[in-house]
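Those protein sequences? They're chains A and B, same order as listed.
Per our numbering, the first sequence starts with residue 1, numbered consecutively.
Per our numbering, the second sequence starts with residue 1001, numbered consecutively.
By construction, the Cβ of each residue, glycine as well, lies at the ideal position given by its N, Cα and C atoms.
Treat the numbers as computed from the prediction; the structure is a model and nothing was measured.
To start, the structure itself, in structure tokens.
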Amino acid sequence: MKAMLKGIFPITLLLLVVLGANVPPVFAHHGFQAEYDGSKVLYITGTLTKFEWENPHAYFWVEAKDDSGKVTTWVFEGASPIAVKRTGTVRADFTSNIGKTVTVRGVPGRDGTSKAAAETIKLADGREVVVGGKRFIGDGKGGGEN
Amino acid sequence: MRRRSAMNVFITISFLAVCFIFSGSATAQNGTGQVSVAGFGKSAAKPLPPGGPAPRTADGHPDLSGVWFPGKMGREDLTAEGSPERLQFDAKVTPEEKPPYQPWAAERVKKLSTLDAEIVRPSVNCMPRGVPGMFITNPYPIELILTKAELVQLDELNNNFRVIPTDGRKHTADPDPTFNGEGVAHWEGDTLVIDTIAVDERTWNNFVGWFHSDQEHVVERISRPSMNYLTYQVTIEDPKVLTKPWTSAPRTWSLGHEALQEYYCTNNREEEALKALRDLTEAPKK
């Protein structure tokens, strides 16, 4: 099911974006509401290839292969490294997982490209760690002030 | 021919059905339990206890010194995002009045599109948030150092700081505009009152376009009701922009036990991304 979902996901995402999102009338996060769509959630599984541990946001890249073998490079935005570290996720969680398979939970960008704002990342050892605040607002309030 | 048309219709319907099913699947994963991190997105954050009486300085004032985090937790925890304990105030408990704009100012703010508001927002551009932004739009910890003659405020955000004399002196005759303005302070009982003018007009007082004029006058009141809590409230007068003074809800900061970290905003991709998105969605029609 997960593999099927991955394969169909670009089409699904496009359709969801075309159908239009219920944009909450709240400005909150540092550029978040305009740039990302907190009404949708996505899970991307692939290889962690790179990360940037810098302010104002941490970024990391994941190469995800679909069933046809096509590789899509996703770029994920996290919260600031300071906030991420204070929540218990450290730089070594990224350095020790480069080249390994991870699954990221996040919400998609509004521009239709393969980018997303990340909430958590499930590492190769099975630990799920926080890299951003609550971004998906489909099941509650999300998007904090940064 | 007819068979091909029927097949095309069948394929189209099947495709849409699959898309519908999987779009449902994608959103169906939203339910609770998908994030295994304990407490993620919940309101389980615990506020600090009052912690006893506030310490006092040798000359009897409440000692405002300490590392202070916005909200009631005394620390940062992204899993608590969405919890009122992580916010400076809970609008459901202490509603805050909207800025009483003059009609022309209200019109100017209203004209900002969602994307433009984001693109020009000083915080997105890593500009200093100024006064009172260094308190009221600041989600990062600060350190206050109260000496006999000054209050020093260190902001982790953008490695910003200000130094305010507390001896009750008057403002200088014609201070140059700066992001943090010219602040002078005096004590009213156990409350330190900071009076600030000459704030650079590039700062905003909220995230959604509250600009101000060169006539803005900011009065901040800071007290320490107990060991673990700081209360902050600000009144803003701006005769060119507002119809009357605006006073914030009381804001809560809580005592942390960790050092400030370095925060230089050196990897900002927001402005570029938002401009690209604006070009994509709001391109002028030819």
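Burial state of residue i, where buried means 16 or more other Cβ atoms lie within 10 Å
i	result
Q1215 (chain B)	exposed
H29 (chain A)	Low per-residue confidence applies at H29 (chain A): pLDDT is 41, beneath 50, and the placement is therefore not dependable, though the value from the model is reported in the following sentence. Buried is the call here.
W1210 (chain B)	buried
K122 (chain A)	buried
P1099 (chain B)	buried
E1081 (chain B)	buried
T1057 (chain B)	exposed
Interface flag, residue i vs chain A, CB-CB below 8 Å
i	result
A1276 (chain B)	yes
A1154 (chain B)	Rather than Ala, the amino acid found at residue 1154 (chain B) in this sequence is Leu. With 8 Å as the cut-off, L1154 (chain B) does not count as an interface residue toward chain A.
Y1101 (chain B)	no
A1273 (chain B)	yes
G1066 (chain B)	no
G1051 (chain B)	no
Inter-residue Cα distance where the pair is residue i and residue j
i	j	result
D1155 (chain B)	S80 (chain A)	15 Å
K134 (chain A)	N1180 (chain B)	31 Å
G1189 (chain B)	E1182 (chain B)	23 Å
I137 (chain A)	L42 (chain A)	12 Å
G88 (chain A)	Y1101 (chain B)	42 Å
L1064 (chain B)	P1049 (chain B)	17 Å
W53 (chain A)	A83 (chain A)	11 Å
G109 (chain A)	K50 (chain A)	19 Å
T1281 (chain B)	S1113 (chain B)	12 Å
F76 (chain A)	S114 (chain A)	9 Å
G38 (chain A)	G1060 (chain B)	50 Å
R86 (chain A)	A1149 (chain B)	33 Å
M1227 (chain B)	P1084 (chain B)	21 Å
V1131 (chain B)	D1200 (chain B)	9 Å
A58 (chain A)	G132 (chain A)	9 Å
A124 (chain A)	V1184 (chain B)	54 Å
E1262 (chain B)	T1252 (chain B)	23 Å
V129 (chain A)	T120 (chain A)	5 Å
A1117 (chain B)	P1055 (chain B)	42 Å
E1097 (chain B)	A1249 (chain B)	8 Å
H1212 (chain B)	D1077 (chain B)	33 Å
8 Å Cβ cut-off: residues of chain A touching residue i
i	result
F1040 (chain B)	E119, T120, V130, K134
E1076 (chain B)	I82, A83, R86, T87
V1037 (chain B)	T120, E128, V129, V130
Cutoff 8 Å: residue i Cβ touching any chain B Cβ
i	result
I82 (chain A)	yes
D66 (chain A)	no
E52 (chain A)	yes
Amino acids of chain B, ordered along the chain, whose beta-carbon sits closer than 7 Å to that of residue i
i	result
N55 (chain A)	Y1263, Y1264, C1265, T1266, N1267
A79 (chain A)	L1078
Chain B residues whose Cβ lies nearer than 9 Å to that of residue i
i	result
R110 (chain A)	L1277, L1280, T1281
Contact list for residue i against chain A, beta-carbon separation under 7 Å
i	result
T1079 (chain B)	T87, V130
T1114 (chain B)	A34
Practice problem: Answer yes if the stretch 1270 to 1277 of chain B comes into contact with the stretch 1086 to 1100 of chain B, meaning at least three C-beta pairs across the two stretches below 8 Å, and no otherwise. | Solution: no
Quiz item: Is there contact here, the stretch 1151 to 1169 of chain B with the stretch 1231 to 1238 of chain B, by at least three beta-carbon pairs under 8 Å?
Solution: no
Self-check item: Given 8 Å, three or more beta-carbon pairs between the stretch 1213 to 1230 of chain B and the stretch 1192 to 1200 of chain B
Solution: yes
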